[in-house]
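Worksheet: one structure, shown below.
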Amino acid sequence: MTLELAVRFAEIILGFAIFQQSLEFIRGQQSEKTLGFIRIVLAILLMLGFQPLLVESALLVTAIMLIQRFQGPYNGGSDTMTMLVLLCLWLSHLAPSRYWQEIALGYLTVQLILSYFQSGWVKVVNPEWRSGRALQQVFALSAYPVSESVRLWARRPQVLLAMSWSVMIFELLFPLALFNQTLLIVALGIAALFHLANACLFGLNRFFWIWPAAFPVIMWFQSRLMSVF
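Numbered by full-length UniProt numbering, the letters in the sequence shown go through residues 1 to 229 in order.
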């Protein structure tokens with residue numbers, strides 16, 4: 001995948017993610033509604049590919065305004081990832097040369113890889129995760145409005161133990177997918193299914209779109225890496 005194509009695909013997915021996020025502010029206070037409407041329009045323009053540098057600059061300004069309004073990221077990790085993807089794509093347009101474009105997108109790739117690997121490392125050093133008890137508590141005591149059928153999974157410790165180790169192994173081995181294009185595509189497919197499962201089970205729908213927004217960039221990075229080595 002070429003750099004230009006990776007950026008275009010990433011911007012389309014990012015635009016959809018921001019569009020979805022901005023809908024949450026439509027029922028808020030007037031200042032939040034205004035920012036929400038502005039971001040919806042900007043998200044549509046980003047998906048259409050209209051003046052991406054200007055649109056992403058405006059989105060960065062509105063993102064900073066939201067951070068000030070809520071004294072930090074409104075939705076934690078998903079908002080942080082949104083800022084990261086948006087900032088790196090903006091820098092790729094602002095870059096004075098191809099070299100600095102690749103630096104900006106390469107940084108995004110490294111952060112994406114670390115987001116999975118660090119998550120796996122934090123889990124594997126935790127005895128609660130290694131025993132499956134952590135995932136059991138997630139299902140049993142989730143603060144999200146999940147159904148009773150979902151909570152019943154807490155009564156299946158052996159299944160949750162296998163699920164815990166499957167998640168940890170996948171996250172820890174994710175960086176190795178960079179060494180093979182087919183393996184990377186499979187890994188990204190699994191990652192997308194993982195985010196989809198979290199969206200369906202726990203309502204974490206923001207994560208489903210914003211992490212895949214960086215997937216085209218990592219696919220470009222992998223092909224660029226193979227061309228060097």
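In this text, a Cβ means the ideal position worked out from N, Cα and C, and glycines have one as well.
Report, in whole angstroms, the separation of the C-beta atoms of residue i and residue j, which I expect to be a contact under 8 Å.
{"i": "MET81", "j": "TRP211", "result": "6 Å"}
{"i": "ILE113", "j": "PRO175", "result": "5 Å"}
{"i": "ILE13", "j": "ALA213", "result": "4 Å"}
{"i": "THR62", "j": "ILE38", "result": "6 Å"}
{"i": "GLN111", "j": "LEU84", "result": "6 Å"}
{"i": "TRP129", "j": "LEU172", "result": "Actually they are not in contact, since the Cβ atoms of TRP129 and LEU172 sit about 12 Å apart, beyond 8 Å."}
Based on Cα-Cα distance, which residue from the options lies nearest to residue i?
{"i": "VAL159", "options": "VAL228, THR2, ARG133", "result": "ARG133"}
{"i": "THR2", "options": "ILE67, ILE40, ARG98", "result": "ARG98"}
{"i": "GLN68", "options": "GLU32, GLY77, ASN198, PRO52", "result": "GLU32"}
{"i": "PHE170", "options": "PHE50, SER119, ALA104", "result": "SER119"}
{"i": "LEU46", "options": "ALA17, SER164, GLN136", "result": "ALA17"}
{"i": "GLN136", "options": "VAL125, VAL124, VAL122, ALA154", "result": "ALA154"}
{"i": "ALA140", "options": "GLN29, GLY49, SER115, PHE202", "result": "PHE202"}
{"i": "THR109", "options": "SER92, VAL125, LYS123", "result": "SER92"}
{"i": "THR182", "options": "ARG206, PRO157, LEU161, GLN222", "result": "GLN222"}
{"i": "ILE40", "options": "GLY15, GLN29, GLN51", "result": "GLY15"}
{"i": "ASN180", "options": "GLY49, LEU225, LEU35, GLU4", "result": "LEU225"}
{"i": "PRO43", "options": "GLY77, ALA197, SER22", "result": "As written in the sequence, residue 43 is Ala, which differs from the Pro given in the question. Checked all of GLY77, ALA197, SER22; the closest Cα to ALA43 is SER22."}
{"i": "GLN20", "options": "GLY36, PHE117, ARG8", "result": "GLY36"}
{"i": "PRO73", "options": "ARG206, PHE215, CYS200", "result": "ARG206"}
{"i": "GLU56", "options": "LEU94, SER78, GLN29", "result": "LEU94"}
{"i": "GLN51", "options": "ARG8, THR34, MET168, PHE215", "result": "ARG8"}
Under three-state DSSP, which class holds residue i?
{"i": "TRP211", "result": "coil"}
{"i": "ILE67", "result": "helix"}
{"i": "VAL167", "result": "helix"}
{"i": "GLN29", "result": "coil"}
{"i": "VAL125", "result": "coil"}
{"i": "ARG156", "result": "coil"}
{"i": "THR109", "result": "helix"}
{"i": "GLU11", "result": "helix"}
{"i": "LEU50", "result": "The displayed chain sequence assigns Phe, not Leu, to residue 50. DSSP places PHE50 in coil when its eight states are reduced to three."}
{"i": "MET226", "result": "helix"}
{"i": "SER115", "result": "helix"}
{"i": "GLY132", "result": "coil"}
{"i": "LEU204", "result": "coil"}
{"i": "PRO73", "result": "coil"}
{"i": "THR182", "result": "helix"}
{"i": "ALA95", "result": "coil"}
{"i": "THR82", "result": "helix"}
{"i": "MET219", "result": "helix"}
{"i": "GLU24", "result": "coil"}
According to the neighbour-count rule (16 or more other Cβ atoms, all chains shown, within 10 Å of its Cβ), is residue i buried or exposed?
{"i": "CYS88", "result": "buried"}
{"i": "SER227", "result": "exposed"}
{"i": "ILE64", "result": "exposed"}
{"i": "PHE229", "result": "exposed"}
{"i": "ALA10", "result": "buried"}
{"i": "PHE70", "result": "exposed"}
{"i": "LEU5", "result": "exposed"}
Within the 9 Å Cβ cut-off, does residue i reach chain C?
{"i": "ILE64", "result": "Checking the listed chains, one finds no chain C in this structure; it contains a single protein chain."}
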